[in-house]
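Trainee:
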Amino acid sequence: MKKIWLLSFSIHCLVIFTGSAQQPKAVAAKSNQTIRTDSLTIPISKAELGTFPYFKTLHNFYANDSVTYDQNRAYFFDGKKYFAVDGKTSRQNLTIRNSNEKAVSTFGCIQEFDKVIAILGGVKIYTGKLPDDKLKAYTGSDVVELGSKGQLTPSAYYGVVEYVIKTAEKEVWVQLQPYSLDSKFYTLLVTEKQIPLISLNTTRRNQLLTDLERTRKATIQLSFEPDDATLLPESKDEILSMLGIFQSHPDWKVALGCYNAPVGNPAYCLSLTEKRANAIKQELMRLGIKSDAIDAKGFGDQKPLVANDTEQGRLTNTRIEIMR
């Protein structure tokens, strides 16, 4: 895929700065929430993002203070609540290089970020002031203190514009503070959150992918509590293997069928497999897979593969079938 260069600001900027003595303008409190921020509703992008921290400076600006944390916790606000994003974080102050040259306006800056984020398959999640009371209730700290720690963009008290880009491997959360451009600087926070990959059991993962890619069908065994829909810890590797299917093919939609050897009467067995199928779907959703990517159903003791008159036969028939 041809690499997309992230912020190639080649357009002429729109507004002449009004002078260094002018104070930064605070953004109005009105917000513009455009998407829920849980990972299940963030669209997956197939764009190639380049290398961290991904974004170049605006034309005629340079980074006069830039810090990268290999692991940090950044805070974002979606119009209703704050939430934490953990990962590699870049905190930057960008200052104008030549004050006599035309420079971009606040509107032009936001417009450029909107355009590039959209090209990369990302979305805007919030525009506005960050409410101090909710921030202190959530973190115990204020905007200035968190900005100094690289947990909010510097000068976030003027207001922010927030975006997220999600790929199969990572989420890139962006917090832009453009509202001080009249004072010849803007600030930026970029946090890269890795999505846990993929499976410790690489042989099983590759076999699942191979089967689905070649025959559109795969079979896997999971461990549950007896007569219950609670997944046991022994199933962790297999669940991550299933997650790997979606991370390798984020556009796939699969049918997940849960089968069991006869236990109790047929109605009870059917109910048990329906609960187990839903439990698998919920676990995959918790790991970031969209609900509409999985059609999970229980089929009770229907369609046994072999006779149920041996322990091995019962184990073989207690299975999960995945089809695409």
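All residue numbers for the sequence shown refer to our numbering, where the first residue is 58 and numbers rise by one.
All C-beta atoms in this analysis are idealised placements derived from N, C-alpha and C, irrespective of residue type, glycine included.
(1) Which of helix, strand or coil does DSSP assign to Lys193?
(2) Under 8 Å between the Cβ atoms of Glu46 and Ile174?
(3) What residues in its chain sit with their C-beta under 8 Å from that of Asp199, if we drop five residues either side in the sequence?
(4) With 16 other CB atoms within 10 Å as the buried threshold, where does Ala364 fall?
(5) Helix, strand or coil for Leu115, going by three-state DSSP, please let me know.
(6) I'd like the ranges of any alpha helix (DSSP H) spanning at least 4 consecutive residues and lying wholly in the region 322 to 366.
(7) Among all the DSSP beta bridges, which residues are the ones paired with Asp143?
(8) Taking C-beta to C-beta, are Glu331 and Gly355 nearer than 8 Å?
(9) Rounding to the nearest angstrom, what Cα-Cα distance links Phe242 and Pro235 in this structure?
(10) Between which two residues does the beta strand (DSSP E) harbouring Glu378 extend?
(11) Taking all protein chains shown into account, decide if Asp358 is buried (16 or more other Cβ within 10 angstroms of its Cβ) or exposed.
(12) So is Gly197 buried or exposed if we call it buried at 16+ other beta carbons inside 10 Å?
(13) To the nearest angstrom, how far is the alpha carbon of Asn335 from that of Leu151?
(14) Tell me the DSSP bridge mates of Ile277?
(15) Between the alpha carbons of Ser256 and Asn374, how many angstroms are there, rounded?
(16) Which value, in whole angstroms, describes the spacing of the CA atoms of Ser102 and Glu228?
(17) Please name the residue or residues paired with Arg148 in a DSSP beta bridge.
(18) Should Ile176 and Ile277 be called a contact, given that it needs their Cβ atoms to be closer than 8 Å?
(19) Express the C-alpha separation of Val247 and Tyr132 in angstroms, rounding to a whole number.
(20) In this structure, does DSSP put Tyr215 in helix, strand or coil?
(21) For Trp230, does the count of other Cβ atoms within 10 angstroms reach 16, so buried, or fall short, so exposed?
Mentor: Let me spell this out:
(1) helix
(2) Past the edges of the chain, shown from 58 to 381, lies residue 46, and the structure says nothing about it.
(3) Asp189, Leu192 and Lys193
(4) Exposed.
(5) coil
(6) 323 to 343
(7) DSSP output for Asp143 lists Arg130 as bridge partner(s).
(8) Yes, these two residues count as a Cβ contact at 8 Å.
(9) The straight-line gap separating the alpha-carbon atoms of Phe242 and Pro235 is approximately 8 Å.
(10) Looking at the DSSP string, the run of the beta strand (DSSP E) that includes Glu378 is Arg376 to Met380.
(11) buried
(12) exposed
(13) Each residue's Cα considered, the two are about 49 Å apart.
(14) Ile377
(15) Unreliable placement is indicated for Ser256, whose pLDDT of 44 sits below 50; the coordinate value is still reported in the next sentence. Approximately 24 Å between the Cα atoms of the pair.
(16) 10 Å
(17) Val124 and Leu246
(18) No. Outside cutoff.
(19) 11 Å
(20) helix
(21) buried
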